[in-house]
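In this text, residue positions in the sequence shown follow our numbering: the first is 273, and each later residue adds one.
Where a beta carbon is used, it is the ideal one built from N, C-alpha and C, also for glycine.
Take a look at the structure below.
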Amino acid sequence: MEQPVREPLGIPLWLKLAYTAFMAVLIPVYWMNYGPSNFLYFCDVALILTLAGVWRESRLLISMCAVGILAPQVLWVTDYFLNFFGVQLTGMTDYMFDKSKSMFLRGLSLFHGWLPFLLVFLVARMGYDRRALPAWTGLAWVLLLVCYFFLPAPSPELAGAVANVNYVYGMSETAPQTWMPPLAWLACLMIGLPLVMFLPTHAVLMWWQGRMERLARDPKLAGA
């Protein structure tokens, strides 16, 4: 079935310039402080793809970022909010409350909080491209394989110096998981992420796209 297409609204120039200015600061700062391997994280890849997507006004690039990181970034926002009240949900935002870390770096990391809302806005403007699910899944698999086979595993001796990028060695930043073979863990990620994170997000975005298409054809449905 041919995907329904609605006329995109376009992306405001001020948003393109503001996002570009932010990236012009973040990329060199992250490179100097965390190294190039940091840009293999899904969220950082999404930042860069979004930069290309806003300038090209590409439905596919924007949709790939949305389907890939909306769910984990919403989890980040939830964890960050609960941390304010002393409730630890996953621990993934604990570093944002570590006063020994640079406030400037922590401030840059707040993109985890606003990026999902920006992507929702961009999808609303441009529409959702259903090709995003297989495209992002393929990219995610490549990133997982690169991180597993080419980056060092975390260890207590290297704590803080080696990042467990995309959690390919387990959920800990200081030691690999030991409750299943390493390749089995990698396989669980490669199968589980699309099923648990990407596919449900794709379904919601497809539903939303269909609703926007119906509203474009018949504005009376807005009150339904």
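Neighbourhood of residue i by C-beta, 6 Å cutoff - its chain only, sequence neighbours within 5 removed
i      : result
ALA343 : MET469, THR473
MET442 : According to the sequence displayed, residue 442 carries Gly and not Met. Only PRO448, GLN449 meet the Cβ criterion.
ASP370 : none
ASN436 : PRO426, GLU445
CYS460 : none
LEU298 : LEU380
ASP335 : Going by the sequence as given, residue 335 is Ser instead of Asp. If we look at SER335 and ignore the five residues flanking it on each side, its Cβ neighbours are TYR400, ASP401, ALA404.
LEU281 : ARG397
Pairwise C-alpha distance: residue j and residue i
i      : j      : result
SER427 : ARG486 : 53 Å
LEU287 : LEU391 : 12 Å
LEU321 : MET398 : 15 Å
TYR420 : LEU455 : 9 Å
THR292 : LEU380 : 14 Å
PHE389 : VAL326 : 14 Å
TRP480 : LEU382 : 27 Å
TRP451 : TRP457 : 9 Å
ALA296 : LEU323 : 10 Å
PHE356 : TRP348 : 13 Å
LYS373 : LEU471 : 35 Å
MET304 : ARG378 : 15 Å
LEU289 : VAL440 : 35 Å
PRO300 : LEU354 : 31 Å
MET375 : CYS337 : 27 Å
Contacting residues, own chain, Cβ-Cβ under 7 Å from residue i (five flanking each side not counted)
i      : result
ALA412 : PHE314, GLY340, LEU465
ASP351 : LEU361, THR362, MET364, THR365
CB-CB length for residue i against residue j, believed under 8 Å
i      : j      : result
LEU387 : ILE283 : Wrong, their Cβ atoms sit about 15 Å apart, outside the cutoff.
TYR367 : LEU477 : No, TYR367 and LEU477 are not in contact; Cβ-Cβ is about 29 Å, not under 8 Å.
Sequence-distant residues of its chain with Cβ nearer than 8 Å to residue i (five each side left out)
i      : result
LEU312 : LEU415, VAL418, CYS419, LEU423, VAL437, ASN438
GLU329 : PRO280, GLY282, ILE283, MET398
Per-residue burial, residue i [other beta carbons within 10 Å of its own, 16 or more giving buried]
i      : result
VAL346 : exposed
LEU467 : exposed
ALA318 : buried
ARG331 : buried
ALA475 : exposed
LEU285 : exposed
Heavy atom of the ligand PLP within 7 Å of residue i beta-carbon
i      : result
ARG403 : What this structure holds is no ligand at all, so the ligand PLP is not there to describe.
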